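What follows is a single structure, written as structure tokens, with notes after it.
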Amino acid sequence: MSQVRKIPAGLPIEAEVALAPLTTLGVGGGADYLGRPRDVASLVACVDWAEAEGLRVWWLGGGSNVVIADQGLRGLVIQPQMRGLSVIAKGSGLELVRAEAGCAWDDLVLWSVERGLAGIECLSGIPGHVGAAPIQNIGAYGQELREVFVESELWDREERRVVRWNAEDWRFGYRESRLKQEGGSRYVVLAVVLGLWQEKAPSLRYRDLQAYFAGRSNPSLREVREAVLTIRRQKSMVWDLDDPNARSAGSFFTNPVVLRSMADAVRERLAQGLADGEQMPVYPTEQQTHVKLSAAWLIERCGMPKGYGDGAVGISQRHTLALINRGGAPASEVMAFARHIQQRVQEVCGVCLQPEPIALGFEEGL
Ligand code: EPU
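The sequence shown begins at 1450 in the working numbering and counts up by one.
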């Protein structure tokens, strides 16, 4: 930290705070300052102070989808702590649920399932905060946030006011949104409003869930939530301090969405190494012209199986898409390992894997 500043009384800001413990991957340096506001007025006061002091502002949610650089973050990191959760309207079989940015995402899912509200039960067990959920349009086990998203409140630093964005404003895509594309710190999510169904059977679109409930009809919302948590735990995709394979940022790469002709070319390149009857997994997308490939499958085909890597960073023993910190890893090693995987997949398959987590404080990004 270049110069120690006086923090005004009443501002929820601390100086020189380690950030690694605030992330699920557990790497990276500290913040010059960390603000943890419990209401919007306090959040705005934190921003005002940073601006008056000429400090850069960074936003942090639950730390489950970020890689923080070893040199840490210069300026003020703000982690919103507003945690309100309420039903703001009901009607036509829907309840509009408003959740503030600092709620743990899974607390919102549990609360909704307990109220008998359907729409996000398959998103059980995703680590992180509500405020970050729209940024990468979280999705799992056949559901995506955008399907239930109604609107959000954001603080706009430039206009100094609360703005409202609906699903269209957000320009959601697969693990994509306007804020993810634009980056920067102009906006921060304050709250989201979701439209959840009062009387709707749980969603069983995903193969793993259908297999789990094979031969059973009409599982309840609670049962689907438990099933998703069980499946995620088997892959170490539920945050658990005692599970070394869970010390990750979730999927480190997105599943590549490519033209059909490209998928054919990849299949051809890999044909020789396939076992009898083995098929390259290819999933449909919204666009007829494109398909989704399995990043995990490609990585394995390139000779990098679960457990791969002999340093402090490696591939999880439970899921090929998760890069884990086996203990004491620097962020630079995570990045080098990720680049190694990208290069290998590019060479062998001709596919460019895109990192999913957001890199903070690196000169060049991931
Ligand atoms: N697969 C492997 N090896 C593995 C795991 C999966 O080859 O270790 C292949 C198989 O072909 C399998 C297919 O991948 O049939 C699908 O596996 P899985 O259901 O685990 O899905 P994923 O593509 O690995 C995606 C999301 C996850 C989400 C799951 C379940 C992305 C980047 N990842 O993973 O999201 O939980 O589906 O819906 O889209 C995250 O975004 O951080 C995340 C964990």
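Even for Gly, the Cβ is constructed at its ideal location relative to N, Cα and C.
Note that this is a predicted model, so its numbers are computed, not measured.
In this structure, the beta-carbon distance from residue 1748 to residue 1802 falls below 9 Å. Three or more beta-carbon pairs separated by less than 8 Å link the region 1640 to 1653 to the region 1594 to 1601, which places the two stretches in contact.
Between the region 1575 to 1585 and the region 1513 to 1528 there are three or more C-beta pairs closer than 8 Å, enough to call the two in contact.
In this structure residue 1461 is in contact with residue 1484, their Cβ atoms being roughly 6 Å apart against a cut-off of 8 Å.
Residue 1799 is positioned such that its CB atom lies closer than 9 Å to that of residue 1715. Within the same chain, Cβ atoms closer than 6 Å to the Cβ of residue 1732 are found at 1741, the five residues on either side in sequence being excluded. Unbroken alpha helix (DSSP H) stretches of 4 residues or longer found wholly inside the region 1535 to 1613: 1554 to 1563, given in chain order. Measuring C-alpha to C-alpha distances from residue 1679 to each of 1571, 1455 and 1518 identifies 1571 as the nearest.
The beta carbon of residue 1589 lies closer than 7 Å to those of 1571, 1572 and 1575 in the same chain, with the five residues before and after it left out. Of 1456, 1487, 1585 and 1580, the smallest CA-CA separation from residue 1524 is found for 1456. Counting only runs of 3+ residues, the beta strand (DSSP E) found wholly inside the region 1617 to 1697 occupies 1636 to 1646, in chain order. Between the alpha carbons of residue 1725 and residue 1692 lies a gap of roughly 35 Å.
The beta carbons of residue 1482 and residue 1526 sit about 7 Å from each other, so the pair counts as a contact at 8 Å. Scanning 1528, 1568, 1530 and 1531 for the CA closest to the CA of residue 1545 turns up 1568. Residue 1694 has its alpha-carbon roughly 18 Å from the corresponding atom of residue 1790.
Short note on residue 1655: C-beta closer than 8 Å to some heavy atom of the ligand EPU. Straight-line spacing of the CA atoms in residue 1703 and residue 1458 works out to 44 Å. Contact between residue 1518 and residue 1760 is ruled out by a C-beta separation of about 18 Å, above the 8 Å threshold. DSSP places residue 1763 in the strand class (E or B) of the three-state scheme. Straight across, the Cα-Cα distance linking residue 1646 with residue 1541 is about 9 Å. Annotated three-state conformation of residue 1713 is helix, per DSSP. Counting every other CB atom within 10 Å of its CB across the protein chains shown gives residue 1667 a total below 16, marking it as exposed. For the ligand EPU, no non-hydrogen atom lies closer than 8 Å to the CB of residue 1629.
As DSSP reads the structure, residue 1732 sits in a beta bridge with 1741. A direct Cα-to-Cα measurement between residue 1806 and residue 1477 gives close to 14 Å. Going by beta carbons, residue 1656 and residue 1562 fall outside the 9 Å limit. Listed in chain order, the non-local C-beta contacts of residue 1616 below 7 Å within the same chain comprise 1595 and 1598, local neighbours out to five positions each way being set aside. Contact check for residue 1557 and residue 1543: beta-carbon distance about 16 Å, past the 8 Å limit, so the pair fails to qualify. Looking from the CA of residue 1696, the closest CA among 1521, 1505, 1539 and 1783 belongs to 1783.
DSSP, reduced to helix, strand and coil, places residue 1518 outside both helices and strands of the structure shown, so it counts as coil.
In this structure residue 1530 is in contact with residue 1486, their Cβ atoms being roughly 6 Å apart against a cut-off of 8 Å. In this structure, residue 1607 lies near residue 1635, with their beta-carbon atoms less than 9 Å apart.
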